[in-house]
Amino acid sequence: MPDAMDFLGIDALLDDEERLIRDTVRAFVRDRISPDIAQWFEEGTLPREIGRELGALGLLGMHLHGYECPGASAVAYGIACMELEAGDAGVRSFASVQGSLAMFAIHRFGSEEQKNEWLPAMARGEKIGCFGLTEPDFGSNPAGMRTTARRVGSDWAIDGTKMWITNGSFADVAIVWANTDEGIAGFVVPTTTKGFSSNAIHRKLSLRASVTSELILDNVRVPDSARLPGARGLGGPLACLNEARYGIIWGVMGAARSCYATALEYAKSRVQFDRPIAGFQLTQEKLVNMLLELQKGSLLALHLGRMKDAGKLHPTQVSFGKLNNVREALTIAREARSILGANGVTLEYPVIRHMNNLESVLTYEGTSEIHLLVIGQAITGLAAFS
Ligand code: TGC
Ligand code: FAD
Numbered sequence: 110m111p112d113a114m115d116f117l118g119i120d121a122l123l124d125d126e127e128r129l130i131r132d133t134v135r136a137f138v139r140d141r142i143s144p145d146i147a148q149w150f151e152e153g154t155l156p157r158e159i160g161r162e163l164g165a166l167g168l169l170g171m172h173l174h175g176y177e178c179p180g181a182s183a184v185a186y187g188i189a190c191m192e193l194e195a196g197d198a199g200v201r202s203f204a205s206v207q208g209s210l211a212m213f214a215i216h217r218f219g220s221e222e223q224k225n226e227w228l229p230a231m232a233r234g235e236k237i238g239c240f241g242l243t244e245p246d247f248g249s250n251p252a253g254m255r256t257t258a259r260r261v262g263s264d265w266a267i268d269g270t271k272m273w274i275t276n277g278s279f280a281d282v283a284i285v286w287a288n289t290d291e292g293i294a295g296f297v298v299p300t301t302t303k304g305f306s307s308n309a310i311h312r313k314l315s316l317r318a319s320v321t322s323e324l325i326l327d328n329v330r331v332p333d334s335a336r337l338p339g340a341r342g343l344g345g346p347l348a349c350l351n352e353a354r355y356g357i358i359w360g361v362m363g364a365a366r367s368c369y370a371t372a373l374e375y376a377k378s379r380v381q382f383d384r385p386i387a388g389f390q391l392t393q394e395k396l397v398n399m400l401l402e403l404q405k406g407s408l409l410a411l412h413l414g415r416m417k418d419a420g421k422l423h424p425t426q427v428s429f430g431k432l433n434n435v436r437e438a439l440t441i442a443r444e445a446r447s448i449l450g451a452n453g454v455t456l457e458y459p460v461i462r463h464m465n466n467l468e469s470v471l472t473y474e475g476t477s478e479i480h481l482l483v484i485g486q487a488i489t490g491l492a493a494f495s
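Residue numbers (our numbering): 110 to 495.
Structure representation (C-alpha cells):
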C-alpha cells in the first residue's frame, strides 16, 4: 500500500545526498524550530541567532559557489526550503532573503571586493542581509520606483523609502535598488551608514516569525565601490527574484505537507457521531484533494529543480511553479483548518499559522495575479500588465 505521506513514491526520485540534506534540515526544524515557533509567532519575533544556526548548517547561500558557500544543487536547495517552511515560512523567508536575494545579488552582480567582503560572513550567518526593492507606492510595478541615487563627486547619494523589507531591522547590509541617470542600479549599503534608518512593521497577522521593515534612506552617501557593477536596469533585481521564487515553489509544499499531516492525524483520532471524522466521505474528499495537490506540487517542484540544475529553467516557468504551488498550498491549508474545527483556529496546531503565512507568500515575490499575467504573456505574446 502506498505511503499516505508519499503516495507516489517521490522519495525514490531523490539521490542519497538529497535525502541526507532533507533529513538534516528536518531534524533541525524538529529540534530547533517546532518547539518554539508558536511562541515566536505569537510574540512576532524570530531570534537573530537562528541566522548563525542556519549558516552552520550551510543553508545560507546554499546554491552559490565559492566564497565559503556550499555550492549545492538547485534541487538540494529546494529540499532545504521545503523542510524549513514545513517549520514556518518565516524561517524559510529568512534563508530566501539572505541567500537568494541579498547574497545572490552580490554573487551575480558584485565586484570581487564586494564578494570577498560580504559573502563568507553572510554564508556563516554572521552578517545579515536584506533586499530593498518594494516601495510604498510601487509593489507589483517596481519599474516606477522613486528611490534615486545621484552622483556627488565620486560618491552616490541615495534618497527614498523601501517598504515591507524582510530582515530590514536587523540587517547589517541592505541591497538597495535605485533609479540613476543610467537606469535602475543596485547598491550594497551597510545599515550603519549615516542617513540609513529602519522601522519595524507591526500588527502583521501573517509571517509573524519574520521581521518586516520600512527602510528610509535620507541622503545616504556611499562610494562608487558600493554600486553593483554588473546590474543594469530592472533585469538586475528581477534576476534575483527568480532565485527566491524558485525556493518558494518548494517551500510552500513544506507548509502544505505540515497541514495535510496534521489534518490526517487529527481526522483519524477525532470522534464525532461515534466514529472518527476521517470515516466520513466529506472528510475523505478533503484529505484526498489535499494529497493530490500536495503530490502534484511536489513533483512540479522537483521537475523544475531538475530543469534548473540542467540550466534550462526559464523565468516564466518559475512563475508557473510559484503561481500553482502557492495557490494550492493555500487551498490545502484552508481545507486542513476546516478539518480541525475549532482547534484549527489556535496556535496549538500549525495549520492556521501556515495558512496565514501563505497569504503573504501569495503576495510577495510577485503576486499570483502578476505570475498569471507573466504566463499569459508567454502563451499569447500579449502583455496585459497595463
Ligand atoms: P519588463 O519590461 O517585462 O522587464 C524589464 C527587464 O527585466 C527583464 N526581466 C527579467 N529578468 C530576469 N528575470 C525575470 N523574471 C525577468 N522579468 C523581466 C526583461 O527582460 C527586461 O530586461 P531588458 O534588458 O529588456 O531591460 O518589466 P515590467 O516593468 O513590464 O515588469 C514586469 C513584471 C510586472 C513581471 C515585474 O515588474 C515583476 O515581476 N513585478 C513583481 C515585483 C516583485 O515580484 N517584487 C518582489 C519584491 S522582493 C520580495 O517580495 C521579497 S519577499 C521576501 C521573502 O522571500 O521572504
Ligand atoms: P500591489 O502591487 O499594490 O497589488 C495590490 C493588488 O493589485 C494585488 O492583488 C495585485 O496582484 C494587483 N495588481 C497589481 N498590478 C496588477 C495588474 N497589472 N494586473 C492585475 N492585478 C494587479 N519586498 C521587497 O522588496 N523585499 C522584501 O524583503 C519583501 N518582503 C516582504 C515580506 C512580507 C511579509 C510582505 C507581505 C511583502 C514583502 N515584500 C518585500 C513586498 C512584496 O514584494 C509586495 O508586497 C508585492 O510585490 C506586491 O506589492 P504591493 O503589496 O504593493 O501590492
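Note that beta-carbon positions come from the ideal geometry of N, C-alpha and C, so glycine has one too.
Judged by beta-carbon spacing, asparagine 276 lies beyond the 8 angstroms limit of threonine 257, meaning their Cβ atoms are not closer than that value. Put simply, of Gly180, Asp115, Asp140, Leu210 the residue whose alpha carbon is nearest the alpha carbon of arginine 354 is Leu210. As the crow flies, the alpha-carbon of threonine 302 is around 50 angstroms from that of leucine 401.
Shortest Cα-Cα distance from leucine 456 to any of Asn308, Ile119, His480, Phe150 involves Phe150. Segment contact: the segment 160-170 against the segment 219-234, three or more CB-CB distances shorter than 8 angstroms; contact assigned. Contact check for alanine 185 against glutamate 127 passes: the beta carbons are separated by less than 8 angstroms.
Distances from the CB of isoleucine 310 to the heavy atoms of the ligand TGC are all 7 angstroms or more. Straight-line measurement puts the Cα of arginine 443 at about 15 angstroms from the Cα of leucine 391. Distances between the C-beta of glutamate 162 and the heavy atoms of the ligand FAD are all 7 angstroms or more. Inter-segment contact for the segment 299-317 and the segment 247-254 is absent: fewer than three beta-carbon pairs are separated by less than 8 angstroms. Around glycine 406, the same chain offers Met362, Asn434, Glu437 as residues with beta carbons nearer than 6 angstroms, after the five sequence neighbours per side are excluded. Counting of Cβ neighbours within 10 angstroms places histidine 480 among the buried residues, the total reaching 16 or more. Using a Cβ distance threshold of 8 angstroms, tryptophan 273 and phenylalanine 296 do not count as a contacting pair. In terms of Cα proximity to leucine 337, the closest of Ala252, Leu316, Trp286, Ile386 is Trp286. Judged by beta-carbon spacing, glycine 241 lies beyond the 8 angstroms limit of leucine 122, meaning their Cβ atoms are not closer than that value. Setting aside the 5 residues that flank it on each side, tryptophan 359 is surrounded in the same chain by Gly187, Cys190, Met191, Ala410, each with a C-beta closer than 6 angstroms to its C-beta; the list follows chain order. Between serine 278 and arginine 201, the alpha-carbon positions lie close to 17 angstroms from each other.
Contact between the segment 328-346 and the segment 443-454 is absent: fewer than three C-beta pairs spanning the two stretches fall below 8 angstroms.
For proline 332, the secondary structure class from DSSP, reduced to helix, strand or coil, is strand. When distances are taken from the beta-carbon of glycine 238 to the heavy atoms of the ligand FAD, even the shortest one reaches 7 angstroms or more.
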